[in-house]
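Here the sequence shown stands for residues 1 to 446, where the numbers follow the working numbering.
Every residue gets a Cβ at the ideal spot worked out from N, C-alpha and C, and that includes glycine.
Reading through the structure tokens given below for one structure.
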Amino acid sequence: MKRLLTPAAAALLFIFGFTASAADGTFEGEAQGHNDAIHVAVTVEKGHIKDVKILKNFESPGVSDLPKAFIPKAIVDHQTLKVDRVSGATFTSMGILSAVSDALKKAGLDPAQFRKGEAVKYAVSVPAKSEADVVIVGGGAGMSAAVAAARKGANVIVLEKMPFLGGNTILAGGALNAADEALESKQKMSEGQMKLVEDVLKDKPRSELHKQLQTKISADYNAWIKAHPGVLFDSPEFHALQTWKDGDYEADLDLIYEMTKHAPETVVRLSKMGLEWHPYTSQYVGALWPRSHDAANYHSGLGYLNTYRDTIDKEKLPVKVYYMTRANELIKDNGRVVGVKAKDGQGKNVEVLAKKGVVLATGGFGANIEMRMKYDQLWDGKLDKRIGTTNSRAITGDGIPMAEKAGAKLVGMGYIQLLPVTDPTTGQTIATCEGTALYVNNEGKR
Ligand SMILES: Cc1cc2nc3c(=O)[nH]c(=O)nc-3n(C[C@H](O)[C@H](O)[C@H](O)COP(=O)(O)OP(=O)(O)OC[C@H]3O[C@@H](n4cnc5c(N)ncnc54)[C@H](O)[C@@H]3O)c2cc1C
């Protein structure tokens, strides 16, 4: 006897056309992410997605953390592939969704059936009003400030406009320049390097501080070459004057010296927090001396942020981060900055008040073409959209007009660094252009 489908059964089969032939089990799928293929394993049971696991991926740590955590969970919780891509990590988000779609096809399911209805959104809501001792805007250098303030007993709120911490900091190669006698003295000093020290000492002093630093370098250098002939010399004072000279003496020497004086302490402090340095220094692209420190347990500036995050967890420091919360104004009271106005991830206006102070750490403006064109003094109006940037797209100089509106004066805005170590078409940083390459113009002239 022939077995016929009842109309109801036929309708069910129509609706779950693919499901009927779908197999239960775990299926692997893959798709291109930002850096390489993303591999996932999807467990399917009776046409339902029971589990999504990311098996293998080479996405940039930090930037890809949120989509890797949020998207698989959203797919399972809402049985949908219609999940918002995480802003700033669009290719990773799309890669995960496409890899899951690939696995579903292998399970005999139709991915289109999982793309109906409203998209699941990733949005963070923060309290309309909150208060902390210290409020920090921007989570790159801001995280260093957060750890420092919290270790001194302050409770801290960090506002971060992206779904992850650290704009350029997590994209950076991560080299940290600091004079380091122990590591640098493993290297020989060439005649060219000796001449560079002598050149710095020959300069006519331009200020009292300049003179004092030259005097100290001269004494240290003479003592060093006597005691360690042929061994590389360095000192925070030499680091300061080299930096100042290389910037055509435009920067504030006091501030440069403050940085170079404390850079060696930063190396030690980070190491105590768990960052492992390579047991040697090198001269990174853009550096002026072989004093670049590189982490052994990380491949990028992400190491700094992870180290700060781990320290906050380990020491249970009172630091809260409001992600996807974009600061837009400083609040002033009686001439003092006492808080920040911002918009949270859901577009709601919020205020965060600071009892002891606000730290602005919103980074530079390399990804803001309008500001580049407005402030540039070096590149003859050429920094328009034709000039790509390796800066994070978060780096739009937000803190600068905020500070200006609160009464701050701007200095040094016109000195914009172009570093030709990237592919002009894709903007990717490429090592082949570094160090030993000669840069020539269209006529082959250096
Ligand atoms: C490709 C590349 C490689 C580099 N390599 C090196 C290197 O090897 N060594 C080195 O010393 N330097 C390097 N640099 C430079 C270095 O990365 C930067 O100088 C440094 O990271 C700047 O830190 P920052 O905290 O000031 O800014 P960022 O790390 O950019 O942080 C700014 C933060 O503020 C947030 N933010 C911005 N506006 C707002 C707002 N309105 N509200 C809330 N949050 C906001 C951003 O999202 C971001 O998290 C490199 C830079 C690039 C682009």
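In terms of Cβ geometry, A263 and P236 form a close pair [threshold 8 Å]. For G142, the CB falls within less than 7 Å of some heavy atom of ligand 1.
With distances taken between CA atoms, Y415 lies nearest to L383 out of L383, A408, K405 and S392.
The C-beta distance from F114 to T90 rounds to 20 Å, too long to fall under 8 Å, and the pair is not in contact. Annotation for T43: T26, K50 and D51 place their beta carbon closer than 6 Å to its own, counting only its chain and skipping 5 residues before and after.
When DSSP states are grouped into helix, strand and coil, R269 belongs to the helix group. For A263, the shortest C-beta to heavy atom distance toward ligand 1 is 7 Å or greater. For F365, there is no enclosing alpha helix (DSSP H), as DSSP gives it neither H nor E.
Cβ-Cβ distances below 6 Å link V126 to Y322, T325, D344 and V350 in the same chain, with the five nearest sequence neighbours on each side left out; the list follows chain order. The C-alpha of E184 is placed about 15 Å away from the C-alpha of A227. Ranked by Cα distance from G303, the options Q346, A41 and E276 are led by E276. Put simply, of G364, V200, R372 and L305 the residue whose alpha carbon is nearest the alpha carbon of L288 is V200.
Ranked by how close their Cα comes to the Cα of N334, the residues I369, M373, A406 and G381 have A406 in first place. Around the C-beta of P205, fewer than 16 other C-beta atoms lie within 10 Å, and the residue is accordingly described as exposed. DSSP places V134 inside the beta strand (DSSP E), whose first and last residues are K129 to V137. Counting only residues of its own chain and dropping the five nearest sequence neighbours on each side, H78 has a CB closer than 7 Å to the CB of V120. Between G95 and G33 a beta carbon distance of about 3 Å is seen, short of the 8 Å cut, so the two are scored as contacting.
A Cβ-Cβ separation of about 6 Å places G142 in contact with V158 under the 8 Å criterion. Listed in chain order, the non-local C-beta contacts of T92 below 6 Å within the same chain comprise G33, H34, E59, S64 and P67, local neighbours out to five positions each way being set aside.
Buried is the label assigned to Q214, since at least 16 other Cβ atoms lie within 10 Å of its Cβ. Burial of Y257 is indicated by the presence of at least 16 other C-beta atoms within 10 angstroms of its C-beta. Check the Cα spacing between K332 and each of K161, P318, V358 and D313: the tightest is with V358. Taking the Cβ atoms as the reference, V319 lies roughly 5 Å from V156, within the contact range of under 8 Å.
Set against 7 Å, the gap from the CB of K161 to the closest heavy atom of ligand 1 is smaller. Distance check between M189 and each of N168, K272, R291 and L176 places R291 closest, using alpha-carbon atoms only.
A distance below 6 Å between beta-carbons, with the five flanking residues on each side excluded, links A149 to the following residues of its chain, in chain order: V134 and V156. If you look at R446, you'll find it isn't in any beta strand (DSSP E); DSSP assigns it neither H nor E.
Pairing G167 with I387 gives a Cβ-Cβ distance that is not under 8 Å. The beta carbons of T281 and G138 sit no closer together than 8 Å.
Short note on A149: C-beta not closer than 7 Å to any heavy atom of ligand 1. A107 places its beta carbon 8 Å or farther from that of A172. Within the same chain, and ignoring the five residues on either side of M413 in sequence, the residues whose Cβ sits closer than 7 Å to its Cβ are Y375.
G62 counts as buried, since at least 16 other C-beta atoms from the protein chains shown sit within 10 angstroms of its C-beta. I75 sits away from I54, with the two beta carbons spaced by 8 Å or more.
Taking non-hydrogen atoms of ligand 1 into account, the C-beta of L183 is found less than 7 Å away from none of them.
In the DSSP annotation of this structure, the continuous segment of the beta strand (DSSP E) that includes Y322 starts and ends at V319 to Y322.
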